[in-house]
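Visitor:
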Amino acid sequence: MPNLGVAAIVLFCLTPFYWMVATTLRPPNQQFDNSLIPRSVSPENLIAVFDPSVGFHRALLNSFLVAGITTALTLVIGTTTAYALARLTFRGKKIVLAAIIATVMFPGISLIVPLLKLFTDIGWINTYQAMIVPYLSFALPLTVWLLTTFFKQMPFDLEQAAQADGCTPGQAFRKVILPIALPGMFTAAVLTFIMAWNEFIIALTIVNRPKMQTVTVAISQFTGAQQFELPFGTQMAAGVVVTIPLVLLVLICRRRIIAGLTAGGVK
Amino acid sequence: MSATTATPPLTPDQRRRRPVRAGGGTRPGQRGAARWIIPLGPALFLLLAFFAGPILWTVWASFTNAALTGAQAAQTEFIGLANFERLLADPRFASATILTIVFLLGSGVVGQTVLGLTLALLLQNRHALVRGAVGVIVVGAWVVPEVVAGFVWYAFLEREGSLNAVLGFGGVESQNWLFTAPMLAVILANVWKGTAFSMMTYAAGLSEVPSDLKEAARVDGASGFQVLFHVVLPLIRRTIATTLLLVTLQTVQVFTLIYVMTSGGPGSRSTTLPLLMYEQALQLGDLGYGTAIALALLLVAGLFSLVYVRMLGTEAKR
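First to last, the protein sequences are chains X and R. Under our numbering, the first residue of the first sequence carries the number 53, and numbering increases by one thereafter. Under our numbering, the first residue of the second sequence carries the number 18, and numbering increases by one thereafter.
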C-alpha cells in the first residue's frame, strides 16, 4: 500500500517530463499525436530550435551570462557579508539579520513595477545589468542567511590559531575559513544559478529587444503573441535544452540543493 | 531525509549554538564602524537601492496617478485614496483576490502540504536508493523553469492533449481543460511544481522525530494513524508552520505558470492578483493602480503569514 502511494506520486511527477521528451522526439507532422510512445522518432524539433533564424543560441548565451555573473557576484558579496555578520559584533546587527530574513520571504513580484520605473528612468532597459542587479538582490538574502549560519558554527579559534601562526586576518580567512566554507558556498551558488536561470517576469518586463532575451523569455515568445496555435514540438525541444543543465545540477548535487532549501524552511 | 541532517549547518541545535569566542584577547568589531561598514556596505547598498527603495516607492506611487507613458508619466500627481477607492469598486479586483486565495489554499496549503507530507511520510523508512530516486524526480519538477512547466502542462491539458486521450478510454468527453477548469489546471500544475519543496522540508522535520517515541506509542497499542496524529504531527508543528509560511509566500506570487497556461483567462477566470497587477501596470501602463494592487497582494500574504506566526507562537507558550 505505501509502495502504491509512492508509485502514484512518482507517476504524477514523471508524466509531464515524459510528455516533454516524447513531444520533442515526435516528428513535427505528428505534433498532435497522442499515442503514449511516439510512432517514430526524429531529431527535427531539436534541430529546429537551433535554426539560426530562431536566435536561440543567443538566448542561451544571454542566460549563461546573466545567471553566471549573478552567481559570481552573489558569492563574493554574500560571503563577505555573511562572514562579517558571523564574526563581528556591532550595534544594530540583530536588526540587519532580521531585515535579511524578512527579505528572504518577501514576495518579490511586488517589486516589478518600481523596478521597471527605475530602470526606465536610468536608461537600463534592454541591458544585462537590469537583470543581474535585481537577481542579485533577490539571491543575496538567502545566500547571506545560509552562509552566516555556516560561518557561525565554525569555531573562532580557527582564525586565531592561524593568526598566531603569523597569518594576517585576510590570509586566515582565505586559507583557513574559505576551504571549510566551500560546501556552503557551493549550495548557495547552485541555488542562485537556478533562480537566475529560471527567472521570467523581470526578464520579460525589462527586455524587449530579441537579442537581449534570456531563454525563458525566448521560449515563451516562439510563437509571438497568439496563445493558441503553439509549435509544441519546438517549444518542448527548447524546454528540454533549457532544463538539461539544471537536471544535471540536481543529479550531481541533490543533497546540497535539498540541504540549502530546507535550511530556509526548518528552523 | 538523511541527506539534510548530514550537512552540518542545518541541524537546529547547532544553529542555536553561539559561536565560540576566545576569552579576552582581540574581540572583533570593537574598532569602530569601519570594520563592518566595509564588508557589509555592498550588500546593504543593494538591498536599500533595489529592495527597500522600490517598496517605499510602491507605497508612494499607490497614492499617485503615476504612468509608464503619456502626460502622466512626465507629471505625476498625488491623487489621495483614488486608486484604493477604484480598487474596492472594481469587480475584477474582487474576483482576483478570491482566485488568489483559492489558488493559495488549493495548491499551496492543501495540495503541497498534503502531497508533500504524504510523500515524506511514505518515503521515511524506504531504502536509501528509493528515497534517492524519488528525490531526484521530485526535485527535478522543482528545478524546471516555470515557463517550461507551464508549456508542458498546457500541452498536456489542452483539447488535443494527452489527458483527453487518457480520459477518452473512460468515456469522458474531450475538452480543453484550460477552458473548462482553468483554476483546477493551474492549481494542479503548481502542486506538481511545488511538492518537492514541501516534501524536502517535511522530510527534514520528520527525521528529527525520535523513533523511540513512536515505538513507545506503538507498544502502548496506538495504531499507525494514531501515532501519526498524536505523536508525529504535533512534534513537527513548527516545521509545518514554517513550511506553510514559505509555501504561501511563494504561491501568492506565482505569475509565470498562470501567464503561460491561461494568460489569466478565459475572461478573467484565472486572473489572480499578480496577473491583474501585471496587466494594469505593465500592459496598460497604469503604475499607480498597479502598485495599489501590489499592496493588496502583500496584504493577502501578510494576513496568511500572521496565521502561521500565531501557530508558531501558541506552540512556544506551551
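Heads up, the beta-carbon is just placed ideally off N, CA and C, and yes, glycines get one too.
Is there a Cβ from chain X that is less than 9 Å from the Cβ of R/E94?
Guide: no
Visitor: Based on DSSP bridge pairs, tell me the residues matched to R/T81.
Guide: R/F95
Visitor: Name, please, each residue of chain X whose Cβ falls closer than 7 Å to the Cβ of R/T308.
Guide: Result: V165.
Visitor: Using C-beta distances below 7 Å, list every residue in its chain close to X/A74, excluding the 5 sequence neighbours before and after it, in chain order.
Guide: Only P90 meet the Cβ criterion.
Visitor: Look at the alpha carbon of X/T200 and the alpha carbon of X/E211, and state the distance between them as a whole number of angstroms.
Guide: 16 Å
Visitor: On a Cα-Cα basis, can you pick out the residue from R/P251, R/T130, R/P59, R/L274 that is closest to X/T133?
Guide: R/P59
Visitor: Going along the chain, which residues of its own chain have a beta-carbon closer than 7 Å to the beta-carbon of R/L85, five neighbours each way excluded?
Guide: Cβ contact annotation for R/L85 (same chain, cutoff 7 Å, sequence separation greater than five): G302, L304, in chain order.
Visitor: According to the neighbour-count rule (16 or more other Cβ atoms, all chains shown, within 10 Å of its Cβ), is X/F102 buried or exposed?
Guide: When all chains shown are included, X/F102 counts as exposed.
Visitor: Determine, using beta-carbon pairs with one atom in the region 257-276 of chain X and one in the region 176-183 of chain X, whether at least three such pairs fall under 8 Å.
Guide: yes
Visitor: Is R/V126 close to chain X? Criterion is C-beta to C-beta, closer than 9 Å.
Guide: no
Visitor: Just the Cα atoms here: how many angstroms apart are R/G149 and R/L105?
Guide: 50 Å
Visitor: Excluding the five sequence neighbours on either side, which residues of its own chain have a C-beta within less than 6 Å of the C-beta of R/M328, listed in chain order?
Guide: A258
Visitor: Using a C-beta to C-beta distance shorter than 9 Å, which residues of chain R count as neighbours of X/A121?
Guide: What sits at residue 121 of chain X in the sequence shown is Ile, not Ala. Within chain R, no C-beta atom comes nearer than 9 Å to that of X/I121; the closest sits roughly 14 Å away.
Visitor: Relative to the alpha-carbon of X/T244, which residue among X/D217, X/A60, X/F108, X/P193 has its alpha-carbon at the smallest distance?
Guide: Measuring C-alpha to C-alpha distances from X/T244 to each of X/D217, X/A60, X/F108, X/P193 identifies X/P193 as the nearest.
Visitor: Do R/V269 and R/G125 have their CB atoms nearer than 9 Å?
Guide: yes
Visitor: How many Å lie between R/A83 and X/P186 at the Cα?
Guide: 22 Å
Visitor: For the region 121-129 of chain X and the region 299-314 of chain X, state whether three or more C-beta atom pairs, one from each stretch, are separated by less than 8 Å.
Guide: no
Visitor: Along the chain, where does the alpha helix (DSSP H) containing X/A169 start, and where does it finish?
Guide: Strictly speaking, residue 169 of chain X in this sequence is Lys, with Ala absent from that position. Run containing X/K169: 164-173, per the alpha helix (DSSP H) assignment.
Visitor: Helix or strand or just coil, what does DSSP make of X/V228?
Guide: X/V228 falls in the helix class under three-state DSSP.
Visitor: Relative to chain R, which residues along the region 130-143 of chain X have a C-beta separation below 8 Å, given in chain order?
Guide: G130, T132, T133, Y135, A136, L137, A138, R139, L140, T141, F142
Visitor: Could you say which of R/W209, R/S215, R/E225 lies nearest to R/V249 if we only look at CA atoms?
Guide: Considering only alpha carbons, the answer is R/E225.
Visitor: Determine the chain R residues that contact X/F69 at a beta-carbon separation under 9 Å, and present them in chain order.
Guide: I154, G157, A158, V161, V169
Visitor: Please name the residue, chosen from R/T260, R/L274, R/W194, R/V277, that lies closest to R/M216 on a Cα-to-Cα basis.
Guide: R/T260
Visitor: Tell me, to the nearest whole angstrom, how far the beta carbon of X/L321 is from that of X/T76; I am working on the premise that it is less than 8 Å.
Guide: Look at the range of chain X in this structure, 53 to 319, and you will see that residue 321 of chain X is not part of it.
Visitor: In terms of alpha-carbon separation, which member of R/G133, R/P283, R/G281, R/G282 lies closest to R/F214?
Guide: Taking each of R/G133, R/P283, R/G281, R/G282 in turn and checking the Cα distance to R/F214, the smallest one comes out for R/G133.
Visitor: Near R/T75, which residues of its chain fall below 7 Å by C-beta distance, leaving aside the five closest residues on each side in sequence?
Guide: T308, A311, L312
Visitor: I need the DSSP call for X/S94, collapsed to helix, strand or coil.
Guide: DSSP places X/S94 in coil when its eight states are reduced to three.
Visitor: Determine the chain R residues that contact X/Q223 at a beta-carbon separation under 9 Å, and present them in chain order.
Guide: Those within 9 Å of X/Q223 in chain R number zero; the least Cβ separation is about 16 Å.
Visitor: Looking only at C-alpha atoms, which of R/I275, R/F68, R/T273, R/N193 sits nearest to X/G160?
Guide: The residue with the shortest Cα to Cα distance from X/G160 is R/F68.
Visitor: Please state the DSSP three-state secondary structure of R/P251.
Guide: R/P251: helix per DSSP, three-state reduction.
Visitor: Going by other Cβ atoms of all chains shown within 10 Å of its Cβ, with 16 needed for buried, is X/R226 buried or exposed?
Guide: Counting the other CB atoms within 10 Å of its CB gives X/R226 a total below 16, which places it among the exposed residues.
Visitor: Between the Cα of X/L234 and those of X/F202, X/V62, X/N55, spot the shortest distance and give me the residue it belongs to.
Guide: X/F202
Visitor: Is the beta carbon of R/V164 closer than 9 Å to that of X/T268?
Guide: yes
Visitor: Using beta-carbon positions only, say whether R/V161 and X/G291 come within less than 9 Å of one another.
Guide: yes
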